[in-house]
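Under full-length UniProt numbering, the residues of the sequence shown are numbered 1 to 266, in order.
Virtual Cβ for every residue (Gly too), placed ideally from N, Cα, C.
Since the structure is predicted, the reported quantities are computational estimates derived from the model, not experimental observations.
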Amino acid sequence: MLVGRPDLDLENPATLAPVLKSVAPDMVINAAAHTGVDQQENESERAFRINAEAPAELARLTRLAGIPIVQVSTDYVFDGRSNRPYAETDGANPQTVYGRSKLVGEEAVRAGNPDHLVVRTAWVVSRHGRNFVKTMLSLAAARERIQVVADQFGNPTCADDLADGLLAAAGVWPSQKGFPQGLYHLAGQGRASWFELASHVLAASALRGGPSAVVEPVSGEQWPTKAVRPANSELNSDAFQRDFGFRAGDWRERVEALVKTLVQQS
Ligand SMILES: NC(=O)c1ccc[n+]([C@@H]2O[C@H](COP(=O)([O-])OP(=O)(O)OC[C@H]3O[C@@H](n4cnc5c(N)ncnc54)[C@H](OP(=O)(O)O)[C@@H]3O)[C@@H](O)[C@H]2O)c1
């Protein structure tokens, strides 16, 4: 069952217990967060309330209820200075309020409920909500040229894969007591820069008669943002596959399928 605002508001901890009581779930997956990465640089307290204190309370309540909790987290817990994909054993070193608040949230869940999974994902795209693929298609409908950062790398991840992976883990995990590791990475296969992702989106769109534009590579320095993005936040998802038998799809294939759906819908 899906619950969210206004019934359950992570900024208002008093709403959590009544919802848990009325839904009586077998497990809680907390995918909600304050995700305004730049906005949070100016509202740190709110970010920590939603991304750290609320998961702590959810962990406490799920522990009391005797059920597991799955906390969705982010590649932004890393500083992005690695020259290889990050494994779960690599040290976190967040550079933004968002990354710091999500890391404290991870730690709170680990400390608050031994029956937990923390799953870090990255660069999530979907036919729902706001995301990079939809932004590129909207921009291409309005402009002839789009500048996109070419020196930041990560793993574009289809939200459907993330959902399938979480459900696969949820199915396997409760039967395995004493799980050795509660922290996992789950992201799409293959590495991309934002520029490569944008180019792929618009090429796929053009093939299907959707919006298209010239994509121009720029550096992160040429495109300054309030919160500095990691230069390389690739995640190694091998442990997730080893323990849960699930691997997210290749980002190029997933993005092509997504663009096809979005162009058909428009
Ligand atoms: N998108 C990415 O690239 C990415 C990458 C790594 C990790 N993640 C993680 O993946 C998860 C989902 O991210 P997303 O991209 O889907 O974010 P999103 O599009 O910004 O959605 C955030 C969700 O959180 C809910 N939410 C925000 N504040 C809330 C509150 N106070 N109480 C209850 N619900 C609240 C929102 O509800 P409303 O609908 O009411 O606004 C929305 O459903 C997050 O944990 C995020 O940190 C995302």
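Asked: Under 7 Å Cβ to Cβ from residue 92, same chain only, skipping five residues before and after it: list those, please.; Found: 77, 78, 103
Asked: For residue 119, is the beta carbon positioned less than 7 Å from some heavy atom of ligand 1?; Found: no
Asked: Taking contact to mean at least 3 C-beta pairs separated by less than 8 Å, is the stretch 188 to 200 in contact with the stretch 143 to 160?; Found: yes
Asked: Starting from residue 349, trace the alpha helix (DSSP H) in both directions and tell me its first and last residue.; Found: Examination of residue 349 is not possible in this model, given that the chain is present from 1 through 266 alone.
Asked: What residues are listed by DSSP as bridge partners for residue 153?; Found: 193, 232
Asked: For residue 180, which residues of its own chain have a beta-carbon under 7 Å away from its beta-carbon, when the five flanking residues on both sides are left out?; Found: Low per-residue confidence applies at residue 180: pLDDT is 48, beneath 50, and the placement is therefore not dependable, though the value from the model is reported in the following sentence. There are no such residues.
Asked: What did DSSP end up calling residue 3 once you bin it into helix, strand or coil?; Found: coil
Asked: Consider the C-beta atom of residue 100 and the heavy atoms of ligand 1; say whether any pair is separated by less than 7 Å.; Found: no
Asked: If you run the structure through DSSP and keep just helix, strand and coil, what is residue 242?; Found: helix
Asked: What three-state label does DSSP hand residue 42 in the structure shown?; Found: helix
Asked: Output the boundary residues of the alpha helix (DSSP H) element that contains residue 166.; Found: 159 to 172
Asked: Report buried or exposed for residue 80, applying the criterion of at least 16 other Cβ atoms within 10 angstroms of its Cβ.; Found: buried
Asked: Hey, is residue 280 close to ligand 1, as in C-beta under 7 Å from one of its heavy atoms?; Found: Nothing in the structure corresponds to residue 280, since the chain is present only between 1 and 266.
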